[in-house]
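**Student:**
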Amino acid sequence: MRPAGIELKDTDGMLISLPPDYRPSDTEEFMNPMQTEYFRQKLLRWRADLVKEANGTLASLGEGGILEADITDRASVETDRALELRTRDRARKLIGKIDQALQRIENGTYGYCEETGEPIGLRRLEARPIATLSIEAQERHERMERVHRDD
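Using the UniProt record's numbering, read the sequence shown as starting at 1 and increasing by one per residue.
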């Protein structure tokens with residue numbers, strides 16, 4: 001069964017429907033209301049998935065201490081827990097970036113490079129919906145990091 005389209009209001013307050021199979025296209029005006037809603041929904045789903053995983057981690061960590069008698073087994077469990085905590089910390093930071101992207105959608109700056117103001121591009125946003133820089137600006141940024149890191 002296919003989910004129904006999502007209804008949203010455009011800038012004029014008119015209801016528009018986002019079809020369930022909608023994909024942004026380069027033939028459309030960049031960051032029109034349908035594209036904006038598409039990325040908003042994508043970010044919200046991603047955020048919900050991360051929160052769900054984090055809650056699962058908290059539940060498993062709250063199940064008690066390490067009961068393994070063998071020191072090797074205990075070390076293995078400790079390593080697994082430490083890895084899981086690092087993963088959750090990355091997810092927490094990612095949720096913050098998703099929240100920032102959602103805020104950019106609200107204020108109308110989503111999809112535009114923070115450095116140049118140019119469109120980031122649909123393909124890049126599909127791959128990395130939290131992107132804040134165009135590919136060119138990101139490459140410049142990474143080159144500068146490499147130059148300063150070598151100092």
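For each residue, glycine too, the CB sits at the ideal point set by N, CA and C.
(1) Check for me: the alpha helix (DSSP H) holding Ala101 runs from which residue to which?
(2) Quick one: measure Cβ to Cβ for Leu50 and Glu37, integer angstroms, because I've assumed they're closer than 8 Å.
(3) Quick one: using the 10 Å Cβ neighbour count with 16 as the cut-off for buried, is Gln100 buried or exposed?
(4) Is the Cβ-Cβ distance between Arg88 and Ala54 less than 8 Å?
(5) From Ala137, Val147, Val77, Leu125, pick the residue whose C-alpha is nearest to that of Leu43; which is it?
(6) Can you have a look at Ser25 and say buried or exposed, based on whether 16 or more other CB atoms are within 10 angstroms of its CB?
(7) Could you give the first and the last residue of the continuous alpha helix (DSSP H) run that contains Ala131?
(8) Suppose you measure from the CA of Ile95 to the CA of Trp46; what does that come to, to the nearest Å?
(9) If contacts are defined as beta-carbon pairs under 8 Å, then Thr116 and Glu84 qualify, I think. What distance do you get, rounded to the angstrom?
(10) Tell me, to the nearest whole angstrom, how far the beta carbon of Glu145 is from that of Leu133; I am working on the premise that it is less than 8 Å.
(11) Could you check if Pro129 is buried or exposed, using at least 16 other CB atoms within 10 Å of its CB as the buried criterion?
(12) Hey, Val39 and Ile135: beta-carbon distance below 8 Å or not?
**Tutor:** From the atom records:
(1) In the DSSP assignment, Ala101 falls within the unbroken alpha helix (DSSP H) covering 71-107.
(2) So it is not a contact: roughly 20 Å between Cβ atoms.
(3) exposed
(4) yes
(5) Per the C-alpha coordinates, the member of Ala137, Val147, Val77, Leu125 positioned closest to Leu43 is Leu125.
(6) exposed
(7) Where Ala131 is concerned, there is no enclosing alpha helix (DSSP H), given that its DSSP letter is neither H nor E.
(8) 9 Å
(9) Contact doesn't hold; Cβ gap of about 39 Å is too wide.
(10) The Cβ separation is near 12 Å, so there is no contact.
(11) buried
(12) Contrary to the premise, residue 39 reads as Phe rather than Val in this sequence. No, the pair does not count as a contact, with Cβ atoms beyond the cut-off.
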